[in-house]
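Quick note, the working numbering runs 1270 ahead of the 1-based positions in the sequence shown.
Each remark here refers to the structure printed beneath this line.
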Amino acid sequence: MHSLRAHWLLLPLLLLCASARAQTPCPWLTQGTASTWLQGPVTVSTNLLSTNEGTCTFTLHQDNASYTLEITVSATNHPRCSTSSKPIPGIGNQAVLCSASPSRNQTTDTINSRIRDRYLTVQLTVTGKNTNPMPPDQRQAVVQQAAEEAAGNLF
1271 MHSLRAHWLL LPLLLLCASA RAQTPCPWLT QGTASTWLQG PVTVSTNLLS TNEGTCTFTL
1331 HQDNASYTLE ITVSATNHPR CSTSSKPIPG IGNQAVLCSA SPSRNQTTDT INSRIRDRYL
1391 TVQLTVTGKN TNPMPPDQRQ AVVQQAAEEA AGNLF
């Protein structure tokens, strides 16, 4: 009877450990760093094929706006910027920055780059009635910092 009670006491601890292990961290950027750059607590979702390929998405919902920072590392190129976009030195090869406003309530800033045999895309999308809390230079700084961090972690 005593050992049965001990098993029931250990069950919640085992479930807690299993759930903590189920959350896969992003190999290219930490949740804390993303929270600092986006200035609020972010949630993280990952879809990793390996440590060198996949997507990490950091999301912040704040003040009637949604901020989504997405890092994608792939073996194939999925360019989101044109080749005439602004070149960004120091982030792998052929790094470019572009910005778009697909709608009145959405802005997107993107960096595309190549690091060795991998393609890196970092994108910040701000959606909501008020997309002005983060001005363009600040959005681009977040994207550039995230791309630098991710590129450094790919080496």
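Cβ atoms here follow ideal geometry from the backbone N, Cα and C, with glycine treated the same way.
Practice prompt. Scan the region 1305 to 1390 and note each continuous beta strand (DSSP E) run of 3 residues or more that stays entirely inside, going in chain order.
Written response: Fully enclosed beta strand (DSSP E) runs of 3 or longer: 1313 to 1320, 1323 to 1332, 1335 to 1344, 1363 to 1373, 1376 to 1385.
Taking the C-alpha atoms as reference points, what is the distance between ILE1361 and LEU1367? Using only the alpha carbons, I get a separation of about 11 angstroms.
Review point. When we look at the beta-carbon of ASP1333 and count the other beta-carbons within 10 Å, is it buried (16 or more) or exposed?
Key: Exposure of ASP1333 is indicated by the presence of fewer than 16 other C-beta atoms within 10 angstroms of its C-beta.
Is the beta carbon of PRO1297 closer than 7 angstroms to that of THR1321?
Contact annotation: THR1321 and PRO1297 have beta-carbon atoms nearer than 7 angstroms.
- Task: Could you check the C-alpha separation between LEU1299 and LEU1394 for me, to the nearest Å?
- Result: Each residue's Cα considered, the two are about 14 angstroms apart.
Requested in this report: May I ask you to list the residues that DSSP assigns as paired with GLY1398?
Outcome: Partner(s): ALA1335.
Range covered by the alpha helix (DSSP H) that runs through PRO1405
Counting along the chain, PRO1405 falls outside any alpha helix (DSSP H), and DSSP gives it neither H nor E.
query: Just checking, does the region 1340 to 1359 make contact with the region 1410 to 1422 on the three C-beta pairs under 8 angstroms criterion?
result: Of all C-beta pairs linking the region 1340 to 1359 to the region 1410 to 1422, three or more are shorter than 8 angstroms, placing the two stretches in contact.
message = Taking 7 angstroms as the limit between beta carbons, can you name the residues of its chain near GLY1310, skipping five residues before and five after?
response = Closer than 7 angstroms at Cβ, skipping near neighbours: LEU1330, GLN1332.
Practice task
Can you give me the Cβ contacts of SER1315 inside the same chain, cut-off strictly under 6 angstroms, excluding the 5 residues immediately before and after it?
Solution key: Same-chain partners within the cutoff: THR1327.
Does ALA1345 pass the burial test, meaning 16 or more other C-beta atoms within 10 Å, or should it be called exposed?
Classification of ALA1345: exposed, given that the 10 Å Cβ count is below 16.
Checklist line | Nearest to SER1383 (by Cα), restricted to the options GLN1408, ARG1350, SER1373, ASN1375 | finding: Looking at the Cα atoms, ARG1350 is the closest of the given residues.
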